[in-house]
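**Student:** Before anything else, here's the structure in question.
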């Protein structure tokens, strides 16, 4: 736990494939948004622009091999994956943010260089409405314990019957883009 002010601490819990520590010598990019400054419907366009910017920026870190015949296709697919994941995470952060707090939504990408590849670690940070933590925890537990392909089909059926959040974006990230996802929940305790 971390102390934030007199009498308050933050209880932090990580779930899934959440990366807490990054190498000191690595590149990253981070943006902050004030969600309450404009209605969410007006934000969708800038969310998409931010996601595309991150994807374009990411391609600058990809290894280039002039002799690789499929290089252009590989870069295009990588850019598309980063753009989709970034857009989905940013939209979720904005959609589920609790605007009653003056908490900025943070959105970023870290670049982890490996021998012949670069891994994009994309994150979004937001506050959530009181009372929605248990629903989020239940969704995380179900997602981590389920087969993502089966859960995708179940969520499609569920979203056809019920209005509200479907979780399809996260499942698409896992199923279509082989994303590894994680969460860090920080609770301020008085």
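In our numbering, the protein residues as written are 19 to 208. The beta carbon of each residue, even a glycine, is placed where N, CA and C say it ideally should be. Note that this is a predicted model, so its numbers are computed, not measured.
(1) Would residue 101 and residue 73 be called neighbours here (beta carbons separated by less than 8 angstroms)?
(2) So for residue 20, helix, strand or coil by DSSP?
(3) For the alpha helix (DSSP H) containing residue 127, list its first residue and its last residue.
(4) Between the C-alpha atoms of residue 180 and residue 59, what's the straight-line distance to the nearest angstrom?
(5) Can the beta-carbon of residue 136 be found closer than 8 angstroms to that of residue 129?
(6) Per DSSP, what kind of secondary structure is residue 186 in: helix, strand or coil?
(7) Counting along the chain, where does the beta strand (DSSP E) carrying residue 46 start and finish?
(8) Only counting the same chain, and skipping five residues up and downstream in sequence, which positions put a Cβ closer than 8 angstroms to that of residue 22?
(9) Quick one: give me the first and last residue of the alpha helix (DSSP H) that residue 58 is part of.
(10) In angstroms, rounded to a whole number, what distance separates the CA positions of residue 173 and residue 167?
(11) Could you compute how far the alpha carbon of residue 158 sits from the alpha carbon of residue 34?
(12) Per the contact definition of three or more C-beta pairs closer than 8 angstroms, is the region 185-202 in contact with the region 32-48?
(13) For residue 63, count the other beta carbons within 10 Å of its own beta carbon; 16 or more makes it buried, fewer makes it exposed. Which is it?
(14) Which residues does DSSP pair with residue 143 in a beta bridge?
(15) Should the region 109-119 be called in touch with the region 82-101, which here means at least 3 C-beta pairs below 8 angstroms?
(16) How should residue 46 be labelled, buried or exposed, when 16 other C-beta atoms within 10 angstroms of its C-beta is the threshold for buried?
(17) Counting along the chain, where does the alpha helix (DSSP H) carrying residue 42 start and finish?
(18) Do residue 83 and residue 91 have their C-beta atoms closer together than 8 angstroms?
(19) DSSP state of residue 80, grouped into three classes?
(20) Can you have a look at residue 138 and say buried or exposed, based on whether 16 or more other CB atoms are within 10 angstroms of its CB?
**Tutor:** So, from the listed chains and residues:
(1) Yes; because the gap between Cβ atoms is below 8 angstroms, this pair is in contact.
(2) Bear in mind that a pLDDT of 41 at residue 20, under 50, signals an unreliable position, so the model cannot answer this.
(3) Counting along the chain, residue 127 sits inside no alpha helix (DSSP H); it lies in the beta strand (DSSP E) bounded by residues 123-131.
(4) Near 22 angstroms, if we compare the C-alpha coordinates of residue 59 and residue 180.
(5) Their beta carbons are under 8 angstroms apart, which means residue 136 touches residue 129 by this criterion.
(6) It is helical.
(7) Unbroken beta strand (DSSP E) run through residue 46: 46-51.
(8) Below a pLDDT of 50, predicted positions are generally treated as unreliable, and residue 22, at 46, falls in that range; no measurement from the model is reported.
(9) Bounds of the alpha helix (DSSP H) holding residue 58 are 58-77.
(10) Cα-Cα distance, rounded: 10 angstroms.
(11) Going by C-alpha positions, residue 158 is about 8 angstroms away from residue 34.
(12) Verdict: yes, contact present.
(13) Burial state of residue 63 is exposed, judged by a 10 Å Cβ sphere holding fewer than 16 other Cβ atoms.
(14) As computed with DSSP, residue 143 is found in a beta bridge with 124.
(15) Judged by Cβ distances under 8 angstroms, the region 109-119 makes no contact with the region 82-101, as fewer than three pairs qualify.
(16) Here residue 46 is exposed. Its C-beta has fewer than 16 other C-beta atoms within 10 Å.
(17) Boundaries for residue 42: no alpha helix (DSSP H) harbours it, and the DSSP string shows neither H nor E there.
(18) Result no, Cβ atoms of residue 83 and residue 91 do not sit closer than 8 angstroms.
(19) Judged by DSSP in its simplified three-state form, residue 80 adopts coil rather than helix or strand.
(20) Around the beta-carbon of residue 138, 16 or more other beta-carbon atoms lie within 10 Å, marking it buried.
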